[in-house]
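Chemist: Below is one structure. I have some questions about it.
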Amino acid sequence: LAKANFGGLAMYVLIALATTAFIVYFIEAHRRIPVQYSRSVFRGGRMYKQSGSTHIPLRVNTAGMIPLIFAMSLVIFPGVVASYFINPVEPNIANYIVDLFRPDAALPMGFFYWGLYFLLTVAFAFFYTMVMFEQQDLPGTLQRQGGFIPGIRPGPHTKEYLDGVIKHITWGGALFLALVAIMPFVAREVTDVRVIMLSSMGMLIV
14 LAKANFGGLA MYVLIALATT AFIVYFIEAH RRIPVQYSRS VFRGGRMYKQ SGSTHIPLRV
74 NTAGMIPLIF AMSLVIFPGV VASYFINPVE PNIANYIVDL FRPDAALPMG FFYWGLYFLL
134 TVAFAFFYTM VMFEQQDLPG TLQRQGGFIP GIRPGPHTKE YLDGVIKHIT WGGALFLALV
194 AIMPFVAREV TDVRVIMLSS MGMLIV
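Residue 126 in the working numbering sits at position 113 of the sequence shown, and the numbers go up by one each step.
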C-alpha cells in the first residue's frame with residue numbers, strides 16, 4: 014500500500030463501492046409472474062367459485078454463488094495439477110500451464126485466466142438455474158393447486174412460457190455473476206493497485 018499511488022487507490026475504492034451497489038441491486042432483482050387461482054367451494058348446499066391472485070417472484074440471480082464456486086474450481090485445477098511437474102531449472106509445459114492459470118498473471122496472459130473464468134461462470138449459471146427450475150416443477154405445482162398464469166394455458170404451455178422467462182432473466186443473472194467474477198482483474202488493471210486483491214466470492218458474501 015505504501016507504494017500505491019493515491020489516485021489509483023481512490024479509484025480502487027470507488028470501484029469496490031460501485032461493485033457493492035451493483036451486487037445489492039442484482040441480488041434483490043426479480044421478475045414477478047402474475048398467477049390466478051380458481052377453486053370451487055361448497056357452502057350451504059351450493060357450490061361457489063372462489064378466485065384470487067398473487068405472483069411468483071423469479072430471481073434474476075437464482076443460482077447464487079454456486080456458478081462462481083464451480084467456475085473457480087475448474088479454472089484453478091489445471092494450475093494445481095501442473096504445479097507438481099514444474100521444472101525450476103529448465104521450464105517445461107507444466108511451467109507454462111502454471112503461468113497461464115495464475116490470477117495475477119500480467120497482460121496479455123492474464124486475459125486467458127479471467128476470460129475463461131467469465132465464460133465458465135456464465136455457463137454454470139445457466140446450467141444450475143435450469144437444473145433448479147426442473148427440480149422445482151413449478152408448472153406442475155401450479156396445475157395441482159388450481160393456479161394458472163393469465164393468458165397461458167396450464168400444463169405444457171405454462172412450462173414453455175416459464176422456460177422462456179427463466180432463460181431470458183438468467184442472462185442478466187449470468188452476466189452479473191461473470192462481471193463480479195472478473196471485477197478483481199478489472200480493478201487491478203484500471204487502478205494499477207496490485208497489493209490489494211478483491212475476492213469476487215467475498216464481495217457476494219458481504
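Beta carbons are placed, not taken as given, at the ideal position from N, Cα and C, and that holds for glycine.
Could you check what DSSP says for Gly92 in three-state terms: helix, strand or coil?
Modeler: To locate residue 92, count along the sequence shown from 1; it is residue 79. Three-state result, Gly92: helix.
Chemist: I need the DSSP call for Leu129, collapsed to helix, strand or coil.
Modeler: Within the sequence shown, numbered from 1, the residue matching residue 129 stands at position 116. In this structure, Leu129 counts as helix in the three-state DSSP scheme.
Chemist: Going by beta carbon distance, what residues of the same chain come within less than 6 angstroms of Tyr97, once the five residues before and after it are set aside?
Modeler: As a position in the sequence shown, residue 97 is number 84, starting the count at 1. Contacts found: none.
Chemist: Give a yes or no on whether the C-beta atoms belonging to Thr183 and Ala138 are separated by under 8 angstroms.
Modeler: Taking the sequence shown and counting its residues from 1, one reaches residue 183 at position 170. Taking the sequence shown and counting its residues from 1, one reaches residue 138 at position 125. Yes; because the gap between Cβ atoms is below 8 angstroms, this pair is in contact.
Chemist: Work out the CA separation of Arg72 and Thr171 for me, nearest whole Å.
Modeler: Locating residue 171 in the sequence shown gives position 158, where the first residue counts as 1. Locating residue 72 in the sequence shown gives position 59, where the first residue counts as 1. Computed Cα separation, rounded: 18 angstroms.
Chemist: Going by alpha carbons, who is nearest to Ile179 out of Met196, Tyr141, Gly153 and Ile195?
Modeler: In the sequence shown, the residue the question calls residue 179 occupies position 166. Per the Cα distances, Tyr141.
Chemist: DSSP on Ile46, reduced to helix/strand/coil?
Modeler: Translated into the one-based positions of the sequence shown, residue 46 becomes position 33. In this structure, DSSP gives Ile46 an extended state, which the three-state scheme calls strand.
Chemist: If you drop the 5 nearest sequence neighbours on each side, which residues of the same chain put their C-beta closer than 7 angstroms to that of Pro91?
Modeler: Within the sequence shown, residue 91 is the residue found at index 78, counting from 1. Residues Ile110 and Phe114 of the same chain have their beta carbon placed closer than 7 angstroms to that of Pro91, with the five preceding and five following residues left out of the count.
Chemist: Can you say whether Phe19 is buried or exposed, counting buried as having 16 or more other CB atoms within 10 angstroms of its CB?
Modeler: Sequence index remark: in the sequence shown, residue 19 carries index 6 (1-based). Exposed.
Chemist: If you follow the alpha helix (DSSP H) that Glu202 is in, where does it begin and where does it stop?
Modeler: Counting from 1 along the sequence shown, the entry for residue 202 is found at position 189. Run containing Glu202: Pro169 to Thr204, per the alpha helix (DSSP H) assignment.
Chemist: Please classify Ile218: is it buried, with 16 or more other beta-carbons within 10 angstroms of its beta-carbon, or exposed?
Modeler: Reading the sequence shown from its first residue, position 205 is the one you call residue 218. In this prediction, Ile218 scores a pLDDT of 49, lower than 50, which makes its location untrustworthy; the coordinate-derived value is nonetheless stated afterwards. By the neighbour-count rule (16 or more Cβ atoms within 10 Å), Ile218 is not buried but exposed.
Chemist: Do the segment 73-91 and the segment 190-202 meet, that is, are 3 or more Cβ pairs less than 8 angstroms apart?
Modeler: For the pair of segments examined, the segment 73-91 was found to touch the segment 190-202: the number of CB pairs separated by less than 8 angstroms reaches three.
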